[in-house]
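To keep things clear, I will list the structure first and then write my remarks on it.
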Amino acid sequence: MAGGKMSARQKMINLMYLVFIAMLAMNMSKEVLSAFGFMNEKLTENNISTTEKNKQAYANLATKADEQSAKFNDLNKQAIKIKTYSADFYTYLEELKDKMTAKIEDRQDYESMDQTTFLDEYFFKGDKFTDEGKQFLAQINGYRTDVTNVLGENKQFANILVKRFSTNAVTNRDGKKIKWLDYRFKGFPLVASLTNLTQLQADIKNTEADVISNLLGGQLESEVSMTNYNGIVNLKKNAFYPGDKVEGTVVLGRYDPSLRPSRVVLNGKPYDNFENGAVNLDLRAGSVGDRKIEGTIFFMENEVEVPVPFESSYSVISKPNSAVVSADKMNVVYRGLQNPLTISIPGVPANLVRASAPGLRQVKGSSYMISPKAGDEVTISVTGKLPDGKPIKTPKTFRVKDIPAAMGSVRGQYGTVRMPKSGLVNTPVGAGLPDFLFDLDLQVTSFKVKVPGQLAIIVKGTKFNAAAKKALSKARRGDMINIFDIKAEIKNNSYKLKKVLPVNIELTN
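Heads up: the sequence shown runs through residues 1092 to 1600, numbered per our numbering.
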């Protein structure tokens, strides 16, 4: 069409064709501008809706942090920081949009927003960025960094933040790298840039929603993890007779040491013994029979107190096939002593238990004393009546032994004792039963002293008499003084000790 001679008619046709193409281009441009404007409206509406949802999510998290501080307080602190960073960045973008449209009378006349002048002058100065352009990039990078720091570098959500708020250079379809700000905002119509900023605001709102969901989701995932559950055996009753069928169920129960109730009611009364996520029972079993444990644990949820009832039972009973008889000191009982015994039948009150044997007497409840007489054995007969009404009778036989031989002592020492002659003169002679289970108070009444080369001297009492001292004066260093035929008795006891072993003194001077 540009070459050769053309008639006036052909020139007119060509001109009309060019006008037609220009009109098509003009119409398409207006349609694109309107499309950007409609998209901006939809994004704005979505941002308003997301803001309300986020507001409710923040409030719910704050309530949970107040109700269950140990579980949600740290998560709430993270959410507050992200909320603050998001609000600051969102406000900055909103103020920038107001500046862009300040001179536009009708902000819904998108076809008039075809100019590129504002941001081309606001962000760019030749091939460089203005201070406002640098601040815009700093706002994006700062927001991404702040949120990442709150969540931690190892959070999987960090990759989403980088993708949404990256300002790295972009490679175009020709393979050429272009600065991100140039690629996204330079030479674009005003309505397109306006929509671009609204999309950034949408990314902020979606980031808040995703982060809250991520924080709560992690907590909920931790709570429902099977590692937090224990198997709980729930029997139909907690006491069985031999041969009974044991019935019950095994259920899963979640253990959460951070859980804290608002209050606990146990057996109709307030109860405050709650620690590490559990109600710690500290009750008296009571008398024989079935007992119930029932109550309610109250938790705060969304500012409403939610009751969680619980119920269980136990039986203060048992059905043994023999009485429980134990000697508190040994497996035998000793003649001449008051031997303590505990006699009981599990599940039967002490006042319904009867025990009899020669020398046996009841002290109090299940406590008894026995002082056996002649013979090598004593049999204790125990009778009682079980809670089901059946009687039980069982005998128990103990060996009877004499008190073992006592040993003479000097200065509390037995066998051979080394000491100076001067010390032995005024030292009393004693007697005792080392390693015996009973503490007996023995009193020496007499003994004999044999000094090498001298006749044996009989002494009454516990200390050397004049004759014994005179014989001792003739002893020399290294001599062995023999104290034998010691006579002793148990204070306040008529039992006669059979024998007291001698004690030897080796003189050291």
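The beta carbon of each residue, even a glycine, is placed where N, CA and C say it ideally should be. Bear in mind the structure is a predicted one, so any value in this text is a computation, not a measurement.
- Runs of the beta strand (DSSP E) lying entirely within the segment 1556-1583, each at least 3 residues long, are 1571-1581 in chain order.
- Looking at the DSSP output, Ile1596 sits in a beta bridge with Val1508 and Ile1572.
- Checking the DSSP bridge columns, you'll see Leu1533 partnered with Ile1581.
- Rounded to the nearest angstrom, the gap between the Cα atoms of Gly1552 and Lys1464 is 30 angstroms.
- For Ile1251, the uninterrupted alpha helix (DSSP H) run begins and ends at Ala1249 to Arg1255, by DSSP.
- Within its own chain, the residues whose Cβ lies closer than 6 angstroms to the Cβ of Asp1576, once the five positions on either side in sequence are excluded, are Lys1539, listed in chain order.
- Taking the Cα positions, Ala1150 is about 44 angstroms away from Lys1219.
- By the 16-neighbour rule on beta-carbons within 10 angstroms, Gln1159 is buried.
- Where Glu1186 is concerned, the enclosing alpha helix (DSSP H) starts and stops at Ser1160 to Met1191.
- Look at Leu1281 here: in three-state DSSP terms it is helix.
- Ile1548 is bridged by DSSP to Val1540.
- In the structure shown, the three-state DSSP call for Lys1481 is coil.
- A contact is defined here as three or more CB-CB pairs under 8 angstroms, and the segment 1483-1499 meets this definition with respect to the segment 1423-1431.
- In the three-state reduction of the DSSP assignment, Gln1199 falls in the coil class, being assigned neither a helical nor a strand state.
- Boundaries of the beta strand (DSSP E) harbouring Gln1453: Leu1451 to Lys1455, taken from the DSSP string.
- When beta bridges are read from the DSSP output, Leu1528 appears opposite no residue.
- In this structure, Phe1279 sits away from Thr1182, with a CB-CB distance that is not shorter than 8 angstroms.
- Val1423 has its alpha-carbon roughly 28 angstroms from the corresponding atom of Leu1477.
- Following the DSSP letters along the chain, one finds Tyr1274 inside the alpha helix (DSSP H) bounded by residues Trp1271 to Phe1276.
- Residue pairing for Ala1446: DSSP places it in a beta bridge opposite Val1473.
- Check the Cα spacing between Asp1526 and each of Tyr1505, Met1204 and Thr1286: the tightest is with Tyr1505.
- Annotated as proximal: Thr1298 and Val1238, with beta-carbon spacing under 8 angstroms.
- The Cβ atoms of Leu1288 and Leu1184 lie closer than 8 angstroms to each other.
- Under a 10 Å Cβ-count criterion, Ile1574 is classified as buried, with 16 or more other Cβ atoms of the shown protein chains found around its own Cβ.
- With respect to the 8 angstroms criterion, Leu1451 and Ile1436 are not classified as neighbours on the basis of their beta carbons.
- A direct Cα-to-Cα measurement between Ser1537 and Gly1569 gives close to 25 angstroms.
- A distance below 8 angstroms separates the beta carbons of Ala1260 and Trp1271.
- Distance from the Cα of Tyr1176 is smallest, within the candidate group Ile1231, Glu1597 and Leu1166, for Ile1231.
- Nearest neighbour of Asn1600 by Cα position, chosen from Lys1587, Lys1590 and Ile1572, turns out to be Ile1572.
- Considering only Gly1514, Leu1242, Arg1502 and Asp1530, the residue with the shortest C-alpha distance to Val1520 is Arg1502.
- Our two residues, Asp1222 and Thr1258, have alpha carbons roughly 16 angstroms apart in a direct line.
- Proximity to Gly1499 across Ile1596, Lys1565, Ala1558 and Pro1482 peaks at Ile1596, based on C-alpha coordinates.
- Rounded to whole angstroms, Glu1385 and Ala1153 show a C-alpha spacing of 33 angstroms.
- With respect to Pro1486, Thr1470 sits close: the two C-beta atoms are nearer than 8 angstroms.
- About 7 angstroms separates the CB atoms of Lys1565 and Val1542; that is less than 8 angstroms, so the two are in contact.
- Within the same chain, Ala1496 come within 7 angstroms of Lys1590 by CB-CB distance, once the 5 residues on both sides are set aside.
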